[in-house]
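Chains as they are written, first to last, in this note's numbering: chain U, 1 to 432; chain Y, 1001 to 1186; chain H, 2001 to 2310. Don't be surprised by glycine CBs; every beta carbon is placed ideally from N, CA and C. Notes for the one structure printed next.
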Amino acid sequence: MLLIKGGRIIDPASGRDELGHLVLKEGKVDGILPGDAPEEFAGKVIDASGMWVVPGLIDMHVHLREPGFEWKEDIRTGTKAAAVGGFTSVACMANTEPVNDTPEITRFIIDKANREGSANVLPVAAISRGLAGKEMTDFTELSEAGAAAFSDDGKYVANSLLMRRVMEYARPFGFPVLVHAEDPDLAAGGYANEGWNAIRLGIAGAPAVAEEVAIARDILIARQTGGRLHIQHISTRMGVEMLRMAKRAGLNVTGETAPHYFTLTDAALEGYDTNAKVNPPLRSEEDRMAVLEGLRDGTIDAIASDHAPHDDSLKECEFSSAACGIIGLQTTLSLALALMKEGTISPVRVVELLSASPARILSLRGKGTLAPGADADVTVIDPETEWEFRREAIMSKSKNSPFIGWKLRGRAVATICRGIIRHEAARGEESF
Amino acid sequence: MGRTGEKIILDGKGVERVLTRLTHEILEKNRGASDIVLVGVALGGVPLSGVIRQNIKNIEGIEVPVGVVDITLYRDDLGKVGHQARLKRTEIPFSVDDKRVVLVDDVLYTGRTIRAAMDALIDLGRPKNIQLAVLVDRGHRELPIRADYVGRNIPTAQSEEVEVCLDEKTETWRVVLREGAPDKGE
Amino acid sequence: MDWKRKHILGLSDFLPDEIEFVMDTSRSMEEVLSRDIKKVPTLRGKMVVNLFFEPSTRTRTSFEIAGKRLSADVVNFSSSGSSQSKGETLLDTARNIEAMKPCILVMRHNASGAARFLSRHLSCSIINAGDGLNEHPSQALLDLYTILKVKGKVAGLKVAIIGDILHSRVARSNIHCLGKMGANLWLCGPATLLPREMARTGATLTNDIREAVKNADVVMTLRVQSERQKATFFPSIREYFRMYGLSNNIFSLAKDDAILMHPGPINRGVEVTNDLADCGRSVILNQVESGVAVRMALLYLMAGGAHVAD
């Protein structure tokens, strides 16, 4: 039994945004009490006055690196970072070693998460065996083993025919197909946004059009097949625009972006900062503004961290040899709240982007809402307190990020997963 | 400039008189001006060598060649001095082979500059001999070097600084001794 | 002006005064090179390591001669292929070299920013002798030195740089260097190798070699790498020469006293015709000569500051 009293309860799925007291019981949401808080409660009480109480945040795009790359991250540390960052569920991508293209790997991840995890882990299985882009994986078997969705993330399904077959085959099951939209020929091995900054620094450029062409193709294939398409980490202006057009046309297409695409631009590459090396690359200010507009007007459905840990040896090196990726589980919520502070999006929209929408896209039952009977996944957010993102505070094994040293505002003060408090920060505590 | 602890050792007239004497000593010792070349040590020795050259012309009617040696590339304290040693240019547009080279500098102190200047000269050829003329010898030698022609011997403390200044506008010289200035080397 | 730099990583953040300072120092070095004994004891007892991860003959040799003229102990460390292919990271390689206590590391690497990266991790001075597509500062400084020597000035001169601008670190350094010194820069090449964003450098862009060369005071052609053709930046070497090769005909559009420059090595008949490369207005060998003086100046400036650790 848990009582979270006196908070502002924001639950877009139920159309709720009001003060109240949330009662959790036996791993489920029991109900919301209006008016004065009960004098006595037979269980733990969390005082949430001045806080937001929202359905547990869902990060639909992370890399937990287990199995295979446990020195970068593992399920235990990755989900710990998730809990501290306010996330109760994370969808982990398939580019492990071995690749999550068999039910054994999917089950391994789920078992490991059940034993050691601090958050729900939703394995995303590969679209193609070995992420090789040639043969389809066994969708039904993987789905039965617990795969939440399918994605070759990190790689584009370059073969258009395979993509068509995948979308078509998956349609009756209702699986979302998550795509990393990047035409590898057009990207031409570049690892910075093609544009003035890349030219100035002499870094091989990957043009925005590499993403845009890929998004266009997959939207058209979704239209042809009627399959459920979700576009990952949208970073370009025309990418946002095409998603907007697809939605207007009534297609079953959704999209996500990551905090670095609405917070940073390729100007962050200055000094060959490998912490800003990420794929898709950080884009221009024009692209960033378009992503913001997409978040504001509802074109972009979700914010996902694309938490991509790499050990320091792959960041403390010359730019061309550095790995692409930014950790994000502990900064995503604050960076999303920054959008609210600057007036781009409302508090309700923050919760939609970080919880309700991902639950909807991944068809997660009992998640992304605080309706009675829903899973007792709750995040309590202090939207105001300023804190500094320090290297020592990083829970992930990989302790590099372009946001280290940033002063951020707002953070999760309590993360409750299936009724269990997985993270709790003392109120007013400077950092965690 | 009226700063406390500043003492004028030589005024304009004084410097001129000293240089006239030095010129006579050079001519006397070398029995005239033949085979003499003057090499000013950049930067301080350069205008002095010009005055001596003019004096020789006035006395002997001969124009002796004058060059400049920059010792920066021959310093033994590169990387240790607190400031970047700016390169001047060595300009000796004549052969020093078999010449009587008179090195001219403003202040003789540790002797390291003159050591470097001699190394530089020897890289350029094989003079008959090298002589040294200085306006001021302030002591504190760190190498066995002695001037052939000395304008003034001025006993100093190491904490003091001797400055030879030439006012470009009035073309008047001044030699001042000041206290407490940090030792910048030679 | 006091020289404060510990490293020469690129010219993008150089002030005109600093460039002048290097030019002035280089002139003093040229005086040394004009002597019978072309050697001074300046860097005696100091070690200069040439750490080259890309094949190079002239730049490495030029730095080697420059070091020796200054009496430094010069050691060459060449490693073909990327450091990764040897299983050792660039940082590990560089730290190994640094353990041998060099005073200055002259380095070339195929990764843009490699010199800057090492400068953050090593305590010795670093001179960038070419990093990926980014910069080749000593080349641009020697190009400027050559222009100043022949033309007496650079401000207001029309300088046309022709070829693969996109992939050229020589072009980038020259854009910074000549641009800061007031040259009227024109960049010319096929559209695939001349990104439109380059206009932000303040240079004028054109795909027409005639327009670029017309009334130019300086024509600088860049080396074309045949692998660019394989990557389909242009159809064939033959067509490249037809469009962007410098022939007598084209060069005659330049001013009568225009000079021809090339950073080398030349592909005769690709960037420049055979006879033009050897003509009286070609200063290609003067560039090589200037290179030693300029690199002596850079080594001297790197060794001379108060910052040198050993």
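Quick one: grab the DSSP three-state call for residue i.
i        : result
T1156(Y) : coil
N2050(H) : strand
M2107(H) : strand
D2024(H) : helix
G20(U)   : strand
Y1149(Y) : strand
N2076(H) : strand
D1967(H) : Outside the shown range of chain H, which is 2001 to 2310, sits residue 1967(H), and nothing can be said about it.
D1167(Y) : strand
D287(U)  : helix
K112(U)  : helix
Taking just the CA atoms, how far does residue j sit from residue i?
i        : j        : result
R171(U)  : G146(U)  : 18 Å
V84(U)   : L201(U)  : 36 Å
G50(U)   : H307(U)  : 29 Å
E135(U)  : R360(U)  : 28 Å
V1176(Y) : D1098(Y) : 37 Å
G117(U)  : G2189(H) : 57 Å
F175(U)  : L122(U)  : 13 Å
A148(U)  : I110(U)  : 11 Å
Y191(U)  : L19(U)   : 47 Å
P1093(Y) : P1065(Y) : 9 Å
T236(U)  : M242(U)  : 10 Å
Cβ of residue i less than 9 Å from any chain Y Cβ?
i        : result
K2039(H) : yes
G2304(H) : yes
R2295(H) : no
S2290(H) : no
R2281(H) : no
The beta strand (DSSP E) that contains residue i, what's its start and end?
i        : result
F2234(H) : Element bounds for F2234(H): n/a, residue is neither H nor E.
W196(U)  : It is not in any beta strand (DSSP E) - W196(U) instead sits in the alpha helix (DSSP H) that spans W196 to L201.
A91(U)   : F87 to C92
M245(U)  : Premise fails: M245(U) lies in the alpha helix (DSSP H), R237 to R248, not in any beta strand (DSSP E).
L155(U)  : A small correction: the amino acid at residue 155(U) is Lys; Leu does not occupy that position in the sequence shown. From DSSP, K155(U) is part of no beta strand (DSSP E); its letter is neither H nor E.
P123(U)  : N120 to A125
I4(U)    : L2 to D11
With distances taken from CA atoms, which of the options is nearest residue i?
i        : options                                   : result
L1048(Y) : T1170(Y), K1007(Y) and C1165(Y)           : C1165(Y)
A322(U)  : R2005(H), I2237(H), G2163(H) and S2112(H) : S2112(H)
F150(U)  : H61(U), N120(U) and L186(U)               : H61(U)
R2238(H) : F2251(H), M2107(H), V2224(H) and N2249(H) : V2224(H)
F403(U)  : D74(U), P98(U) and S334(U)                : S334(U)
S2079(H) : S2071(H), A2072(H), G2067(H) and T2093(H) : T2093(H)
I203(U)  : D273(U), A81(U), V213(U) and E211(U)      : D273(U)
I75(U)   : T102(U), P34(U), G86(U) and N114(U)       : N114(U)
V179(U)  : V166(U), L408(U) and G195(U)              : V166(U)
T265(U)  : T254(U), E256(U) and K277(U)              : K277(U)
L24(U)   : G405(U), T379(U), S398(U) and E388(U)     : T379(U)
W2003(H) : I1008(Y), L1019(Y), L1043(Y) and L1087(Y) : L1087(Y)
Within 9 Å (strictly less), CB to CB, does residue i reach chain H?
i        : result
I404(U)  : no
E392(U)  : no
Y156(U)  : no
D1098(Y) : no
A1120(Y) : yes
A204(U)  : yes
C324(U)  : no
L1043(Y) : no
C317(U)  : yes
Any beta carbon of chain C sitting closer than 9 Å to that of residue i?
i      : result
W71(U) : Considering every chain present, this structure includes no chain C. Its protein chains are U, Y and H.
Closer than 9 Å, CB to CB, is residue i near chain U or not?
i        : result
G2132(H) : yes
L2090(H) : yes
A2140(H) : no
S2071(H) : no
H2007(H) : no
E1961(H) : Residue 1961(H) is absent from the structure shown; chain H starts at 2001 and stops at 2310.
With respect to the alpha helix (DSSP H) encompassing residue i, which residues constitute its N-terminal and C-terminal limits?
i        : result
N2184(H) : Counting along the chain, N2184(H) falls outside any alpha helix (DSSP H), though it belongs to the beta strand (DSSP E) covering N2184 to C2188.
V350(U)  : P347 to V351
Check whether the Cβ of residue i lies closer than 8 Å to any heavy atom of the ligand MG, and answer yes or no.
i        : result
N2096(H) : Of ligands this structure carries none, so the ligand MG is not represented either.
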